[in-house]
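A.B. asks: Take a look at this one; I'll ask things after.
There are 2 protein chains.
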Amino acid sequence: MAAKRSGARSKRGINERLQPVQEPRSEPPLSRERIVATAVELLDAQGVDGLTMRRLADRLGSGVMSLYWHVDNKEDVFDLALDSVLEYRGPQIVKSRDWRGEVVHMLEDWRASMLRHPWSASLLPRRALGPNILSRLELLSKTLSRAGVADADVNVAIWSLWNYVMGATITRASFDLSDDDRAAAQQRLTRLSERYPTIEHSRLLLDNDWGGTFRKGLGFLLDGLLQDEAER
Amino acid sequence: MAAKRSGARSKRGINERLQPVQEPRSEPPLSRERIVATAVELLDAQGVDGLTMRRLADRLGSGVMSLYWHVDNKEDVFDLALDSVLEYRGPQIVKSRDWRGEVVHMLEDWRASMLRHPWSASLLPRRALGPNILSRLELLSKTLSRAGVADADVNVAIWSLWNYVMGATITRASFDLSDDDRAAAQQRLTRLSERYPTIEHSRLLLDNDWGGTFRKGLGFLLDGLLQDEAER
DNA sequence: ACCTGAACACCGTTCAAGT
DNA sequence: ACCTGAACACCGTTCAAGT
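Going down the list, the protein sequences come from chains G and H. Every letter in the first sequence is one number past the one before it in this note's numbering, and letter 49, counting from 1, is 43. Every letter in the second sequence is one number past the one before it in this note's numbering, and letter 13, counting from 1, is 7.
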């Protein structure tokens, strides 16, 4: 970790008049925050393969190697960008007793956060879990516990929900990136309709009510989790 | 696509005696099959980042650019390697009426196939769907249909199961790769136990009965799907 | 039909050096 | 404390050429 929050911005109001044309062009000093924010911009614009230390430095108006003062390496940039995008802004304490509604809300928010940055979903499973991710897990865990899910089952429930949300979001994000590919795939499928009659007929690959499918499937999963608890 | 199946191997028996020492050292000619098989070896050994056109050519004893005669580009190699690893060897026709058992078996086999090649799971969602993948989807779809799942619900069911299996397998594969990281993560978590008391207490990150967790979660999901069908 | 080496435009990161 | 350029050991792929 490096020092954060230089006080640079605080005197901006004073000398605004003295360097009116030049000042806005000169870059603020490098900082962890600026690097991470710019990395997110770059990832949003160009995808995972588009993030390059050189390009990142370019956008920041600095030399490449300057980044390494604030950041360990490229992996580190990924970890930081990912966690920064997963900050949870919802209520940190669950007051209502509608545990199911709370869980659905948390998971839909999670999915939405990741879809706002389509590179994030596929990155998440292989990166270290940052504080924002842990907070989400903590809140989910707490909600399930308070709802009366047995201690022995909480972990299974969390992992099941995690798996479902990750799978759904990763799938959604990657199918979304390539509309042409999807059309091409369905065409190929239609050409081979004798080999894959069922999925050709159900138009599996053309189904694009992603939100609805996500919600319904999550409903099934929660039905299963809830039913199990009710039975004992 | 390039030509396949050169007849090279058929005359091997005849001249085995004439070049006994040299022959086994000389490489067989390049072919799509050899390239794909070697790519899988390389991926198994070195992971996704370890697959390099140059390294692949090295292993094959050829020049780098020779690969490009048989294969479009690196993306193509990924697609082919992935699909080759997902061939389904189980029965192609479902005879038993235990649809739930069949579905569980197909999905556990799918998971096992991917875990045998840990790079495959994280690759699958963003790659084109090859014939072996489509076959698995077709069979799954057929089984759900025969089991009486309404046409309107089959796609939701398939995607839910797909999402769950992908999420579970990707998570498992990536957590497995970094045992040190997992220990470090739990340590960091313990240090921060006031901030994340619930997941620290449940030892979420240390739970490593992956198979059992997968099976239980899948059970919950199928409970949900089955219950819904029984109700209408 | 199949294979090749040179060359191009890139990468991430080390290192020794600047202020 | 913070930033830098040169250099190293890599990449994927184009191209013109060989057999």
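Every residue, glycine too, gets a C-beta built ideally from N, C-alpha and C. Note that the coordinates shown come from a computational prediction; the quantities given were computed from them, not determined experimentally.
For the alpha helix (DSSP H) holding H:M108, just list the boundary residues, first then last.
C.D. replies: It spans W93 to R110 - the alpha helix (DSSP H) in which H:M108 sits, taken as one unbroken run.
A.B. asks: Flag H:Y62 as yes if its beta-carbon sits less than 7 Å from any beta-carbon of chain G, otherwise no.
C.D. replies: By this cut-off, H:Y62 is not an interface position.
A.B. asks: Along the alpha helix (DSSP H) that carries H:N202, what are the first and last residues, could you check?
C.D. replies: Unbroken run through H:N202: none, as it is neither H nor E.
A.B. asks: Just to make sure I have the definition right: I need the residues of chain G whose C-beta is within less than 7 Å of the C-beta of H:Y158. Which are they?
C.D. replies: N157, Y158 and G161, listed in chain order.
A.B. asks: Tell me which residue opens and which closes the alpha helix (DSSP H) that G:M47 is part of.
C.D. replies: Counting along the chain, the alpha helix (DSSP H) containing G:M47 begins and ends at M47 to L54.
A.B. asks: Report yes or no: is there a C-beta of chain G within less than 7 Å of the C-beta of H:L215?
C.D. replies: True, the Cβ-Cβ gap to chain G drops below 7 Å.
A.B. asks: G:R130: buried (16+ other C-beta within 10 angstroms of its C-beta) or exposed?
C.D. replies: Flag for G:R130 reads buried.
A.B. asks: Quick one: is H:W113 buried, meaning 16 or more other Cβ sit within 10 Å of its Cβ, or exposed?
C.D. replies: With 16 or more Cβ atoms within 10 Å of its Cβ, H:W113 is classed as buried.
A.B. asks: Do you know offhand how far G:G84's Cα is from H:G41's?
C.D. replies: Their Cα atoms are separated by approximately 38 Å.
A.B. asks: Could one say the Cβ of H:L117 lies closer than 7 Å to chain G's Cβ atoms, at least one of them?
C.D. replies: False, the Cβ-Cβ gap to chain G never drops below 7 Å.
A.B. asks: Please list, in chain order, all residues of the same chain as H:A138 whose beta carbon is under 8 Å from its beta carbon, the five residues on each side excluded.
C.D. replies: Reading the sequence as shown, one finds Leu at residue 138 of chain H and not Ala. Result list for H:L138: W93, V97, V148, A151 and I152, in chain order.
A.B. asks: Considering only the beta carbon of each residue, do H:S77 and H:G124 sit closer than 7 Å?
C.D. replies: The amino acid occupying residue 77 of chain H in the given sequence is Asp; Ser does not appear at that position. Yes, Cβ-Cβ distance for H:D77 and H:G124 is below 7 Å.
A.B. asks: For G:V159, which residues of its own chain have a beta-carbon under 7 Å away from its beta-carbon, when the five flanking residues on both sides are left out?
C.D. replies: Taken in chain order, the residues that qualify are L101, W104 and R105.
A.B. asks: List the residues of chain G whose Cβ lies closer than 7 Å to the Cβ of H:E132, in chain order.
C.D. replies: Correct list: Y190, T192 and I193.
A.B. asks: Flag G:Y62 as yes when its Cβ comes closer than 6 Å to any non-hydrogen atom of the ligand MN, and as no otherwise.
C.D. replies: Ligands displayed in this structure: none; no statement on the ligand MN is therefore possible.
A.B. asks: Can you tell which of H:I164, H:L186 and H:Y62 has the C-alpha that lies nearest to the C-alpha of G:R120?
C.D. replies: Measuring from the Cα of G:R120, the nearest candidate turns out to be H:I164.
A.B. asks: Is G:R197 helix, strand or coil when you go by DSSP?
C.D. replies: Correct three-state label for G:R197: coil.
A.B. asks: Using a C-beta to C-beta distance shorter than 9 Å, which residues of chain G count as neighbours of H:Q221?
C.D. replies: Correct list: F214, D217, G218 and Q221.
A.B. asks: So, for H:R197: in the same chain, excluding its five sequence neighbours on each side, which residues have a beta-carbon less than 8 Å away from its beta-carbon?
C.D. replies: For H:R197, where only same-chain residues beyond five positions count, the Cβ hits under 8 Å are Q180.
A.B. asks: Using a Cβ cut-off of 7 Å, pull out every chain G residue sitting near H:R120, in sequence order please.
C.D. replies: Under the 7 Å cutoff, chain G gives S116 and S168.
A.B. asks: Find the residues of chain G that neighbour H:W153, judging by a C-beta separation of less than 7 Å, and give them in chain order.
C.D. replies: Per Cβ cutoff of 7 Å: T207 and G211.
A.B. asks: Compute the beta-carbon to beta-carbon distance between G:P37 and G:A75, rounded to the nearest angstrom, for a pair I have assumed lies under 8 Å.
C.D. replies: Note on residue identity: the sequence assigns Leu, not Pro, to residue 37 of chain G. Confirmed, about 6 Å.
A.B. asks: Restricting to Cα atoms, I'd like to know which of H:Y190, H:L216 and H:A167 is closest to H:N202.
C.D. replies: Checking every option, the nearest Cα to that of H:N202 belongs to H:A167.
A.B. asks: Could you check where the alpha helix (DSSP H) with G:N67 kicks off and where it finishes?
C.D. replies: No alpha helix (DSSP H) contains G:N67, which DSSP labels as neither H nor E.
A.B. asks: Using a C-beta cutoff of 7 Å, does H:S196 count as contacting chain G?
C.D. replies: Cβ-Cβ to chain G under 7 Å: yes for H:S196.
A.B. asks: Are the Cβ atoms of G:V58 and G:M47 separated by less than 7 Å?
C.D. replies: Cβ atoms of G:V58 and G:M47: closer than 7 Å.
A.B. asks: So for G:L212, helix, strand or coil by DSSP?
C.D. replies: Of the three classes helix, strand and coil, the one that applies to G:L212 here is helix, per DSSP.
A.B. asks: Going by C-alpha to C-alpha distance, which of G:I193, G:P23, G:T32 and G:L220 sits closest to H:D145?
C.D. replies: Checking every option, the nearest Cα to that of H:D145 belongs to G:I193.
A.B. asks: For G:K5, which of helix, strand or coil comes out of DSSP?
C.D. replies: Bear in mind that a pLDDT of 30 at G:K5, under 50, signals an unreliable position, so the model cannot answer this.
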